[in-house]
Every structure is written in structure tokens, then in C-alpha cells.
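*Asks:* Got a structure for you, questions after.
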Amino acid sequence: MDFSLDNKRSGFSFPPIDYGAQLNDEQFAAATAPPGPALVLAGAGSGKTRTLTYRVAWLLEQGMRPGEILLLTFTNKAAREMLERVEELTGVPSHRFWGGTFHHIGQKILRIHGELIGIGKQYTILDSSDAESLMGEAVRELDPGFFKNKANPKARLLGDIYSMARNTRLTTEQAVDRYFPHFKELAGKVALFFEAYQKKKLEQQVVDYDDLLEYLVLLLENHEEVREYYQNRFQYILVDEYQDTNVLQARIVDLFAAHHRVMAVGDDAQCIYSWRGADFTNITTFPERHPGTKIYKIEINYRSSPEILDLANAVLISQEPGIEFKKELRAARDSNVRPYLIPTLDTEEQTQFIIQRIGGLLDEGVNLSDIAILYRAHYQSLDLQMELARRHIPFQITSGIRFFEQAHIRDLIAQLRFAYNQKDISSFQRIASLLPRIGPKTALRLHKLGTEFAEKNKTSVIEGLLDPSIIAKVPTVSREEWPKLIWSLHDIAEHCQKSTPAAATQIAIDGWYGDYVRGAFNNYPSRLDDLRSLVGFAEKYDEMQDLLAQLVLLNSETTASAVDDEQGRLRLTTVHQAKGLEFPVVFMIGLADGLFPLRRAIEEGDIEEERRLFYVGVTRAMDELYLSHPRIGGQGMPLRLEPSIFLRDLPEHLYEIIHLQRQRW
DNA sequence: AGTCGAGTTCTTTTT
DNA sequence: GAACTCGACT
């Protein structure tokens, strides 16, 4: 397609942008690239999002409509950030674009065309723990003794195996062979479990995360009219964090982009999701799948001091040679202090050091919100959290116990889900199990009875559950409470249809569950507050389906971050979640073998991904970087800890060692 | 058979 | 904290 269309066609006008002045040469070349396939290799801190943002503006200037541009990202955070910045630059409201995570787009399209492949409009999405229990049920039905044998994989692991197979587009046998060879003998059996699991989901009209991607591929591959519609509709496709896409996601991009008007942006050195099937060879093979691909490299780094970049580059040099694109970040900034290396006695001393140093930084005029503490896994921050709380230093922690995974939130969502899709047995089981003497089995039996009654008498399942013949089957202790619960669900279901999702949510809180919360939790006021904040969240949605999908797909978001995103808080986060962010001062803690890299990664010989993760962490820092490692482990760790292999691989002149004075004895 | 309570173990990363 | 196991209770 020729881009030189009438540039009023986009329907939006914004002040002319001087691309040459606002972008460097590398960025400019990428942002104004000709329409064909393009691969942008953008190093950390090189202005990747900026380039993408200007690319979108440029496309609009060329006459493309917002609705013709598809923006795919890997995480919700990345999606939000990119769309916000596009809106800032061009004034085009972000909802005018098709943008979001692969799962989000899958959910949207499945909702429109799902019936072609047997997914009704009322389908609901399982979160990972729902999926896990359903998998468990499927297994128990086929082989009741399976979990009795401790050598057999648990439901959770089976879910992981299945997920891996699907995300890499391998058969169960192939995936077990490649990623779980110790279960080789079970492969045939496990494949049957997966079939049963798949069948159960269809019966309940529920889908799991992977279905959102897999069904999308199925729709596009097998239904020409759908494929052609979207290929036409999406005149240009931009993919962010391309190195973290897996084979299934890459396939989605290729199916949408049969016309090759596609730009993939990524950095193979930052691929940190291979445990989810991410495959950075997607980058290396991109030019083969999109003939005529032009490659743009963006390597000038505006974020970090030269000293930090030297260290980051050294991390990459010690990588095992592979098929990576060669890259070296070039500094644009002035010289500053070298990164610090701090050996500490144990995690306690590490915590003390951080608190002390933060005190010093504050005295120097640094804002608390300019400081981040990064770690490999959440439990490594527990010490620190307690100490910070004790000293009244405000901090913001990205995840930990996730908001949407707390019991009361999930209970409420389960009610909405069941009220909306009464075939969603998983949700019903969760709700019904709140009553004494009712567990999953009893709930299933009652649901079945209710469904049969409903079919015979042409009523809804909920009305069936209220029939005296079924109430008689409810265990005695719960017989009085049962109708109250079901009536409450009945009210919610009515509001699902006749009024807004927010109203239905409010009804759920005012109904049976509100009373339950008061009786069940000693901290019920704060739980009720959480639930009420859900109403506020629900107000943004006109349709129940949208709300439910968002609740499941956003499950890593904390409302804490959405609601009380105050300034002036110290940031605690895993390296994974810090991706794409930057901070003037960064502490990386727990840099010892067994902690970072994790013991498991060492055992499985999977060090290189951990190294890339370390690289991601290091490149978050703008001015000051503190790398600390405890020498004595806490509980469950070996007594002596070696400094991380990643530290040992660094030339000594790249950092300065801080020797702590032993203060206590 | 299914549910419940007490005691035990173990924590990666995200949609 | 939560998920799991095991034994007891309905």
C-alpha cells in the first residue's frame, strides 16, 4: 500500500511534529521507515517506546486511521504506557486504536467470532488457579489414583506442561520430550488428561489463558473470511517486546500481517520469558518470514551513566556465544560514579545497609520515588518490607499478594462469573463451598441437579437451585443459608442482564456475600473497602463480558497502584516487573548463587536467561547502581553463599567495593 | 464419600 | 501465607 494518501483521512489533526528534531538519527530512521516489514533492534534505554510512539504519529500523518493500527504488547503495563504516550503526542484517544496484550486482542476477537469454533458469546475466562482445579478434576475422573503416586506431576505442573506445549505449538509428546523429559513415560497418559480438560472447558463454556491465543490462531487459520477481514482491517501492525513472544504469538502476528506491513521491536538480550515459551529466535527468523525486512538498530542510550553501561555491556560480553545480534549500548550521558558492589554478612545486614544508604540519599535531595529495589523473587523482599514498615518509610510494592488473587476478591468475581455464565461450574463450586459441609463435590452434584431441573422445567439453573426438591439435597447445616445465597446470585444475574456491571457488582456486595464477609474475616472493613473499589473499577465497563475479561486478564495489577499511586514512595519490585521502567537509583539485592541465579536455574543449566534478567535489572539504573550480596544464607539456603556468577564474571575495574563496618557483634 | 481441622512444607518470573 | 497432607468426623 502507498502511504501517501490524503492525510486528512485519519480524521485527526495534531500540530506538525518535527521528527528530525525530536528523534536521533537511528530513531528517526525507524519511526519514518517505509511501509514494508521492519525489525527494530532497540537496546535498553534507547528510547524504544519513544520511537514506537512517533511511529504511530507518523502513520497517522500518512493518512492511516487509528482503527487500522494494531499495537500488540506482552504485558498490560507496556500496553497502557504506549497508548498513553501516543495519546499525549497525537491527542488521539487510546481506545481508538486496537491495542493491548495478545490475550486481550484474542479475547476481543473470540467474543465476536467465537461461535464459529464453538465458543458462545457468554464464555468466561479461567484464571490460573481455576484452570488448575479443572485440570485436577479431569485427571481424577480418568485416573482416580493418579495423584496418589507422589512421583506423578501435580495438577499445577500438568497445567504448565500443557501450557508449554500449546505456547510452543508442539504436541504433548514433543513438549514432554523437550521440556519435561523425566515424565517421558507419562506422555501418552498426560495427553489424554489434556483432552479431557479441553472437553470440560468446552462444556462449561470457559476458556483458559492459552485458549485466547490458540483459538485466535484457529480462527485465523481455518476461517478465511475472518482472516481476510482482519488482514484488511489492520493496515499496520506494531509489536513491542517482540523478543518475549512465543511461537504461538509470533504466529498470530504473521497471520495478521500477511501483507507484511509490520514492525517488530525488540532486544534479544532482554528475553526473560522463555519459561512461558518465549523464543527469541522469533527475532532472528523474522526476516525469513517477512521477506524484504529492513533492520533498524537503536543503540544510543540516554538513560544510564557510561559507568553503568560499561557494566551492562560487560554482562552481555560474558554471555555464552549464541545467535544473538551483536550489540553494544553507547552512552549519551556524562560520566558519573561507578556502580557499587556491597558484600554483606547476611540479609539482615543487607537490609541495614539499604536503609542507611536510602537515608543518605534522601539527605542529598533524592526523592524516595526515584529509588527502586530489585530482586529475583518476591520472598527475597520480606525482610526489607518489615524493616521499612517498622521505620515508617513508605514503599510501593508491585504485586506480592496480588489484589485480584485475594480470597474475597475472587469470591466476588466468581459470583459475577456464575451469574453471567451459569454453566461456569468452577465459579459455582467456589461460591457454594463457602457454606459449611459443601465442598467441590457436593457443589458439583447440586449444580447438576439444578441444571437437570432447569432443562426439564425450562427455567434458569439458578431457579432450579431454589426448587424445594433440590434444597432437600443440601446438607442440613447449610439448608437454611442456601436459599439466601442462591437468591443473592439470582439478583446478581438479573442485574447482569438488565443493568450495568457496576450495579451488579454493588448488588453482590449488598447481598449475601456482604454478610458473609462480615462474619468470615476479622479485617472485614478493609475487605469491604476492597470490594467497593471493585464497583468503581466496574463503572468503566458497559458490558459484563468486558469487565470479567479485564478482571481476569489484569490479575497482576494491584489496585493499590491504581488507586493510591502516590508520589514519594520507594519502589520494591521483581526484575521482571521492572522491565521497561527506569530509576535514578537502583539497588539489586540478593546477588548470590542460588538466589540470583536461582538454584533451580543452576540445576537445570538455564543460566543464560538469568543473566539476561540480570542485564535487564542493571540497565534500569540511571545514575547510581548498588549491587549487594549476602554471604550467609537464611533459612532453607546453604550456609555459605558465593557471590553470583554474574558478579564474578565482571572485570573488577567496573565497580567499586563498599566494605561495611561491622556494627553489631 | 466428602468435608474439616491441625500440622507441615515451600515458595520464580506473567497473561 | 497458602497449599498440601493426613487423620478424624459427619
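In our numbering, the protein residues as written are 861 to 1525.
We treat Cβ as the ideally placed atom computed from N, Cα and C, and that holds for glycine.
Predicted model only: the values in this text are computed from it and were never measured.
1. Tell me which same chain residues have a C-beta within less than 6 Å of the C-beta of Lys1157, skipping the five on either side of it?
2. Just how far apart, CA to CA, sit His1355 and Leu1349?
3. Rounded to a whole number of angstroms, what is the C-alpha to C-alpha distance between Val1334 and Asp1284?
4. CA-CA distance, Gln1240 and Phe1447?
5. Smallest Cα separation from Ile1322: which of Gly1299, Leu1295, Ile1352, Val999?
6. With distances taken between CB atoms, is the gap from Thr1207 to Pro1490 smaller than 7 Å?
7. So, with DSSP's three-state summary, where would you put Asp1370?
8. If we count the other Cβ atoms within 10 Å of its Cβ and call it buried at 16 or more, is Glu1188 buried or exposed?
9. Distance check for Ile1214 and Ile1202, CA to CA, integer angstroms please.
10. Could you tell me which uninterrupted alpha helix (DSSP H) segments, each at least 4 residues in length, are contained entirely in the region 1439-1482, listed from first to last along the chain?
11. Buried or exposed: Ala1422, going by 16 or more other Cβ atoms within 10 Å of its Cβ?
12. What span of residues does the alpha helix (DSSP H) with Tyr1090 cover, start to end?
13. Let's test the definition: count the other Cβ atoms within 10 Å of the Cβ of Asp1271 and tell me whether it reaches 16, buried, or not, exposed.
14. In terms of residues, what are the limits of the alpha helix (DSSP H) holding Arg1277?
15. So what does Ile1155 bridge to, in DSSP terms?
16. Determine the direct distance from the alpha carbon of Ile1168 to that of Asp1194, and round the result to whole angstroms.
17. Within 10 angstroms of its Cβ, does Gly1324 collect 16 or more other Cβ (buried), or is it exposed?
18. If you draw a straight line from the alpha carbon of Asp1477 to that of Arg971, how long is it in whole angstroms?
19. Counting only the same chain and skipping the five closest in sequence on each side, list residues whose C-beta sits under 7 Å from that of Arg1429.
20. Using three-state DSSP, classify Arg1500 as helix, strand or coil.
21. Can you have a look at Ser873 and say buried or exposed, based on whether 16 or more other CB atoms are within 10 angstroms of its CB?
22. Tell me, please, whether the region 1127-1136 touches the region 1101-1112 by the rule of three or more beta-carbon pairs shorter than 8 Å.
23. Kindly give me the distance between the Cβ atoms of Arg1026 and Asp1070, rounded to whole angstroms, as I take these residues to be in contact under 8 Å.
24. Where do the N-terminal and C-terminal ends of the alpha helix (DSSP H) with Gly1048 fall, by residue?
25. Just grab the DSSP bridge partners of Glu836 for me.
26. According to DSSP, simplified to helix, strand and coil, what is Gln882?
27. In terms of residue numbering, what span does the alpha helix (DSSP H) encompassing Leu1248 cover?
28. Starting from Tyr1022, follow the alpha helix (DSSP H) in both directions and report where the run begins and ends.
29. Please name the residue in Thr911, Trp1135, Thr1153 whose C-alpha comes closest to that of Ile1143.
30. What are the boundary residues of the alpha helix (DSSP H) that includes Met942?
31. Looking at the strands, I want to know which residues DSSP matches up with Phe1255.
32. Would you say Glu1516 and Tyr1200 are within 7 Å of each other, going by their C-beta atoms?
33. With Leu1304 and Gln1289 assumed to form a contact (beta carbons below 8 Å), what rounded beta-carbon distance in angstroms separates them?
34. So for Ile1132, helix, strand or coil by DSSP?
35. Examine the ligand ZN and report whether any of its heavy atoms sits within less than 6 Å of the Cβ of Glu1470.
36. How should Pro1013 be labelled, buried or exposed, when 16 other C-beta atoms within 10 angstroms of its C-beta is the threshold for buried?
*Replies:* On the basis of the data shown:
1. Within the first sequence, the letter at position 297 stands for residue 1157. Same-chain partners within the cutoff: Leu901.
2. If you number the first sequence from 1, residue 1355 lands on position 495. If you number the first sequence from 1, residue 1349 lands on position 489. Rounded to the nearest angstrom, the two C-alpha atoms are 10 Å apart.
3. As a first step, residue 1334 must be located in the first sequence, where it is residue number 474. As a first step, residue 1284 must be located in the first sequence, where it is residue number 424. The straight-line gap from Cα to Cα measures roughly 20 Å.
4. Numbered from 1 along the first sequence, position 380 holds the residue referred to as residue 1240. Numbered from 1 along the first sequence, position 587 holds the residue referred to as residue 1447. Here the C-alpha atom of Gln1240 lies approximately 13 Å from the C-alpha atom of Phe1447.
5. Taking the first residue of the first sequence as position 1, residue 1322 is located at position 462. Scanning Gly1299, Leu1295, Ile1352, Val999 for the CA closest to the CA of Ile1322 turns up Ile1352.
6. Taking the first sequence and counting its residues from 1, one reaches residue 1207 at position 347. Taking the first sequence and counting its residues from 1, one reaches residue 1490 at position 630. With contacts defined by Cβ atoms closer than 7 Å, Thr1207 and Pro1490 form a contacting pair.
7. Here the question's residue 1370 lines up with position 510 in the first sequence. The answer is helix: DSSP assigns Asp1370 an H, G or I state.
8. Reading the first sequence from its first residue, position 328 is the one you call residue 1188. Residue burial annotation: Glu1188 is exposed, with fewer than 16 other C-beta atoms found within 10 angstroms of its C-beta.
9. On the first sequence, residue 1202 is found 342 positions in, with the first residue counted as 1. On the first sequence, residue 1214 is found 354 positions in, with the first residue counted as 1. Each residue's alpha carbon lies about 10 Å from the other.
10. 1459-1463, 1467-1478, all fully within the region 1439-1482.
11. One-based indexing of the first sequence puts residue 1422 at position 562. Legend: pLDDT at Ala1422 = 40, less than 50; position of this residue unreliable, value from coordinates given subsequently. By the 16-neighbour rule on beta-carbons within 10 angstroms, Ala1422 is exposed.
12. Counting from one through the first sequence, the residue named residue 1090 turns up at place 230. Tyr1090 -> alpha helix (DSSP H) spans 1084-1093.
13. As a working mapping, residue 1271 is identified with position 411 in the first sequence. Result: buried.
14. Position 417 of the first sequence, counted from the start, is the residue given in the question as residue 1277. That run of the alpha helix (DSSP H) goes 1267-1280.
15. Translated into positions along the first sequence, residue 1155 becomes position 295. DSSP output for Ile1155 lists Leu899 as bridge partner(s).
16. For this step, residue 1194 is matched to residue 334 along the first sequence. For this step, residue 1168 is matched to residue 308 along the first sequence. Cα to Cα, the separation comes out at about 11 Å.
17. The residue labelled residue 1324 in the question sits at position 464 within the first sequence. By the 10 Å Cβ count, Gly1324 comes out buried.
18. One-based indexing of the first sequence puts residue 1477 at position 617. One-based indexing of the first sequence puts residue 971 at position 111. Asp is not the amino acid found at residue 1477; the sequence shown has Gly there. About 38 Å.
19. The residue you call residue 1429 lines up with position 569 of the first sequence. The beta carbon of Arg1429 sits closer than 7 Å to the beta carbons of Leu1228, Ser1229, Pro1254, Phe1255, Gln1256 from its chain, once the five residues preceding and following it are set aside; these are given in chain order.
20. The sequence position of residue 1500 within the first sequence is 640, counting from 1. If DSSP states are grouped into helix, strand and coil, Arg1500 belongs with the strands.
21. One-based indexing of the first sequence puts residue 873 at position 13. Of the other Cβ atoms in all chains shown, fewer than 16 fall within 10 Å of the Cβ of Ser873; this residue is therefore exposed.
22. Yes, the region 1127-1136 is in contact with the region 1101-1112.
23. On the first sequence, residue 1026 is found 166 positions in, with the first residue counted as 1. On the first sequence, residue 1070 is found 210 positions in, with the first residue counted as 1. Taking C-beta atoms under 8 Å as the contact rule, Arg1026 and Asp1070 qualify, at a distance of about 5 Å.
24. For the purposes of this step, residue 1048 is taken as the residue at position 188 of the first sequence. Membership of Gly1048 in the alpha helix (DSSP H) is indicated by the continuous run 1047-1064.
25. In this structure the chain extends from 861 to 1525, so residue 836 is not present and cannot be described.
26. Sequence index remark: in the first sequence, residue 882 carries index 22 (1-based). DSSP places Gln882 in helix when its eight states are reduced to three.
27. Here residue 1248 corresponds to residue number 388 of the first sequence, with the count starting at 1. Unbroken alpha helix (DSSP H) run through Leu1248: 1242-1250.
28. Residue numbering aside, residue 1022 sits at position 162 when the first sequence is read from its first letter. 1015-1027 is the span of the alpha helix (DSSP H), which, as asked, contains Tyr1022.
29. The sequence position of residue 1143 within the first sequence is 283, counting from 1. Ile1143 has its Cα closest to that of Thr1153, out of Thr911, Trp1135, Thr1153.
30. For the purposes of this step, residue 942 is taken as residue 82 along the first sequence, with counting starting at 1. Counting along the chain, the alpha helix (DSSP H) containing Met942 begins and ends at 936-950.
31. Taking the first residue of the first sequence as position 1, residue 1255 is located at position 395. Residue pairing for Phe1255: DSSP places it in a beta bridge opposite Leu1430.
32. Working through the first sequence from its first residue, we reach residue 1516 at position 656. Working through the first sequence from its first residue, we reach residue 1200 at position 340. Yes; because the gap between Cβ atoms is below 7 Å, this pair is in contact.
33. Here residue 1304 refers to the residue found at position 444 when the first sequence is read from its first residue. Here residue 1289 refers to the residue found at position 429 when the first sequence is read from its first residue. Contact flag correct, Cβ pair sits at about 6 Å.
34. Within the first sequence, the letter at position 272 stands for residue 1132. Residue state, collapsed to three classes: coil.
35. What this structure holds is no ligand at all, so the ligand ZN is not there to describe.
36. The residue you call residue 1013 lines up with position 153 of the first sequence. With 16 or more other Cβ atoms from the protein chains shown falling within 10 Å of its own Cβ, Pro1013 counts as buried.
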